[in-house]
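Peer 1:
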Amino acid sequence: MLADGLQPSVGLPILFFSIIIYLLLGDYIRHSSLRKVPGPPSFALTRYRLAYSAFQGHRCATIHELHEKYGPVVRVTPTEISFSSLSALRTIYGAGSGFERTDFYRMFDVYGAPNLFSFRSVRDHRERKKLLSHAYSNQMILNPHNTALVEGKVAQYINFLRTEPEIASETFASLHYFSFDTISEFMYGPEHGGTKAMVGNQQDRNLLYDILHPSRRRLAWFAVHFPAYTKWITTRVGLLDRLITKLGLLPMRRPFMYSGIRSHALRAFHSMKNGGPEVWKRYSETTILGRLLSLQSTTGLTDMEIASECADQLLAGIDTTSDSSMFLIWALSRPENKIYQDRLRAELLTNLTFDPTTGVPELKSALHLPYLNAVIRETLRLYAPLPTSEPRSSPVPVLIDNHLIPAGTTVSMSPYTLHRSPHAFPSPLTFNPERWLLPISSPPSNTPITTTTTKPTYTPLPTSSPPNQYFWSFSSGGRMCIGLHLAMAEMTCLIAAIYGNFETGLPKNKKDLHIVNEKKGTINTNSEPYYLSIYLFINQSK
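Just so we're aligned, residue 1 is where the sequence shown starts under our numbering, counting upward by one.
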């Protein structure tokens with residue numbers, strides 16, 4: 001019997017409404033101890049307020065605006081607090097901090113198995129990283145084999161620009177071809193999964209279709225905010241699947257994001273696995289998969305754990321490198337940034353020797369050029385390929401910036417906000433590579449840029465400088481991006497080769513799609529492909 005004589009016709013709607021309210025506000029009620037943390041009430045009441053900004057593509061910018069209004073500590077959902085100070089950065093992400101990744105990262109499990117990126121436990125992550133850190137060390141990335149791999153792929157890209165300029169100048173796709181071909185060979189070797197998208201293999205190019213499709217961001221949003229629904233609706237088959245598709249209920253058109261690449265990665269795993277111990281040993285020093293297979297008997301890793309690890313690193317190495325390179329080319333191609341392109345080219349042509357056949361410089365020499373490095377760092381600062389929050393939680397209560405954070409509370413920081421600190425980066429929305437440099441000699445402003453100067457004009461800022469302290473594109477601490485040195489090698493060699501051989505400019509016959517919001521400095525890598533025309537640059541000194 002319903003209390004107080006309520007009739008079912010009245011009681012059921014009240015019960016239903018109460019359940020809805022609890023689902024929306026339950027987190028706020030359970031985390032009332034956070035009520036003193038600064039922030040707008042609408043964000044503290046329900047996680048769907050920030051989810052709405054994320055759906056619009058403004059999550060990073062919204063959190064940054066909250067920090068500008070409320071300070072370095074902001075409650076952005078009922079259960080999450082965002083920080084923006086260096087002290088919080090050291091507390092949360094420093095080596096030995098004890099903070100673990102949240103369940104958010106489980107969406108990055110592959111084939112049902114966790115990997116280095118998705119591990120919650122610090123111990124599990126540490127043990128897995130021991131198996132991989134040497135292969136990704138700077139020493140190994142610059143060994144003869146990997147140097148030849150990077151330089152060879154850059155040579156293919158330069159040839160791609162020369163022989164198929166109409167295709168290659170669509171940089172969103174062509175740079176994905178470059179990064180895909182490079183990371184796939186690094187992971188699996190040329191015979192067991194290395195792709196050939198740059199040289200025209202249409203099957204390999206098609207594997208990227210689901211990455212290039214604009215609707216992928218919508219699928220990612222549903223996977224984060226409605227994981228059970230997304231898993232259910234994307235795994236239906238038969239009549240129900242056809243009905244769901246016809247009604248337009250799928251968050252993304254098929255093929256789903258990364259499905260083609262994950263299938264390719266699994267085939268690559270089985271290809272090498274079936275080769276036996278002799279094949280594993282042969283590739284143990286030159287590929288990640290060969291290394292893990294050769295260690296399988298001593299580590300106890302299952303087949304799917306190894307396959308998951310390799311597939312995740314393959315996926316991580318595609319978007320990040322290609323998007324960063326695209327933003328760099330786009331930034332240097334803007335008329336107001338022509339002076340930076342000219343100064344970069346002057347440094348390249350003064351200090352590097354380009355192979356007369358391939359047009360590629362020596363990777364090791366390019367890595368020592370301060371202006372080139374500054375251009376890359378400024379791109380990663382302003383247009384970070386992964387600008388969003390990196391959530392963590394502590395198993396015990398912890399004091400961060402004078403706020404006692406209960407155990408299990410999600411805390412986070414983002415490169416987007418750190419990289420827009422006016423203290424570290426005056427005029428933070430302005431693309432200015434020279435903020436990373438100290439001038440040694442500076443010619444008068446009206447002096448033409450030439451390639452005859454033999455003495456360097458700039459030296460890098462010291463590591464203790466505010467810009468370097470706030471630079472966080474690769475995270476920090478024990479969870480720092482393991483592929484840092486490979487990514488920098490790829491971008492350095494590629495950009496040096498492009499601007500040692502070509503000029504880039506905004507096309508007059510194609511629409512500028514405004515991938516950057518000038519007011520907020522936000523970026524959208526999932527819009528339509530962005531076009532850049534590549535103009536041949538004649539090196540007069542050769």
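All C-beta atoms, glycine included, are put in the ideal place defined by N, C-alpha and C.
The structure displayed is predicted, hence computed values, not measured ones.
1. Near residue 474, which residues of its chain fall below 7 Å by C-beta distance, leaving aside the five closest residues on each side in sequence?
2. Out of curiosity, what's the CA-to-CA distance linking residue 50 and residue 490?
3. Taking the alpha helix (DSSP H) that residue 459 falls in, what are its first and last residues?
4. Measuring straight from C-alpha to C-alpha, what distance separates residue 390 and residue 419?
5. In terms of residue numbering, what span does the beta strand (DSSP E) encompassing residue 437 cover?
6. Specify, as a first and last residue, the run of the beta strand (DSSP E) that residue 327 falls within.
7. Label residue 324 either buried or exposed according to how many other C-beta atoms from any shown protein chain fall within 10 Å of its C-beta, with 16 as the threshold for buried.
8. Quick one: residues in its chain with C-beta nearer than 7 Å to the C-beta of residue 417, no 5 flanking neighbours on either side, listed in chain order?
9. Just how far apart, CA to CA, sit residue 265 and residue 33?
10. In the DSSP assignment, what residue or residues form a beta bridge with residue 404?
11. Could you give the residue range of the alpha helix (DSSP H) that holds residue 298?
12. Just to confirm my understanding: we take residue 364, look at its own chain, exclude 5 residues before and 5 after, and list those with CB closer than 8 Å. What are they?
13. If you drop the 5 nearest sequence neighbours on each side, which residues of the same chain put their C-beta closer than 7 Å to that of residue 198?
14. What does a CB cutoff of less than 7 Å around residue 184 pick up in its chain, not counting 5 residues either side in sequence?
15. Between the Cα of residue 96 and those of 467, 432 and 394, spot the shortest distance and give me the residue it belongs to.
16. Excluding sequence positions up to five away, which residues of its chain have a Cβ less than 8 Å from the Cβ of residue 121?
17. Assuming residue 388 and residue 414 are in contact, meaning their beta carbons sit under 8 Å apart, how far apart are those beta carbons, in whole angstroms?
18. According to DSSP, is residue 503 part of a helix, a strand, or is it coil?
19. Less than 8 Å between the beta carbons of residue 350 and residue 361, yes or no?
20. With DSSP as the reference, identify every bridge partner of residue 100, one or two as the case may be.
21. For residue 74, write down the residues that DSSP places opposite it in a beta bridge.
22. Thinking residue 412 and residue 164 are a contact (beta carbons under 8 Å), I'd like their distance in whole angstroms, please.
23. Which whole-angstrom value is the C-beta distance of residue 308 and residue 124, which I expect to be below 8 Å?
24. Can you find a CB in chain B that lies within less than 8 Å of the CB of residue 270?
25. Of the residues 208, 303 and 424, which one's Cα is nearest the Cα of residue 113?
Peer 2: Looking at the atomic coordinates:
1. The answer, listed in chain order, is 480, 481 and 484.
2. Each residue's Cα considered, the two are about 35 Å apart.
3. If you look at residue 459, you'll find it isn't in any alpha helix (DSSP H); it sits in the beta strand (DSSP E) that goes 458 to 460.
4. Annotation: residue 390 to residue 419 spans about 14 Å, alpha carbon to alpha carbon.
5. Taken as a continuous stretch (DSSP letters only), the beta strand (DSSP E) holding residue 437 covers 437 to 439.
6. First-last for residue 327: 303 to 333, but that is the alpha helix (DSSP H), not the beta strand (DSSP E).
7. Label assigned to residue 324: buried.
8. Answer for residue 417: 63, 64, 67 and 84, listed in chain order.
9. If I take the Cα positions, the gap works out to 45 Å.
10. Residue pairing by DSSP places residue 404 opposite 399 in a beta bridge.
11. From DSSP, the alpha helix (DSSP H) with residue 298 extends over 296 to 299.
12. Taking residue 364 as the centre and dropping the five residues before and after it, the same chain places the C-beta of 142 and 147 closer than 8 Å to its C-beta, in chain order.
13. Answer for residue 198: 156, 157, 160, 177, 178 and 181, listed in chain order.
14. Leaving aside the five residues that flank residue 184 on each side, the residues in its chain whose CB is nearer than 7 Å to its CB run, in chain order, 193, 194, 195 and 314.
15. Looking at the Cα atoms, 394 is the closest of the given residues.
16. Excluding sequence positions up to five before and after residue 121, its CB lies within less than 8 Å of the CB of 100, all in the same chain and listed in chain order.
17. Correct: roughly 6 Å between the Cβ atoms.
18. Strand.
19. No, Cβ-Cβ distance for residue 350 and residue 361 is not below 8 Å.
20. Per DSSP, 393.
21. In the DSSP assignment, residue 74 forms a beta bridge with 82.
22. Actually they do not touch by this definition, with Cβ atoms about 43 Å apart.
23. The pair is not a contact, with the Cβ atoms about 13 Å apart (cut-off 8 Å).
24. Any reference to chain B falls outside this structure, which holds one protein chain only.
25. When C-alpha distances from residue 113 are compared across 208, 303 and 424, the shortest belongs to 303.
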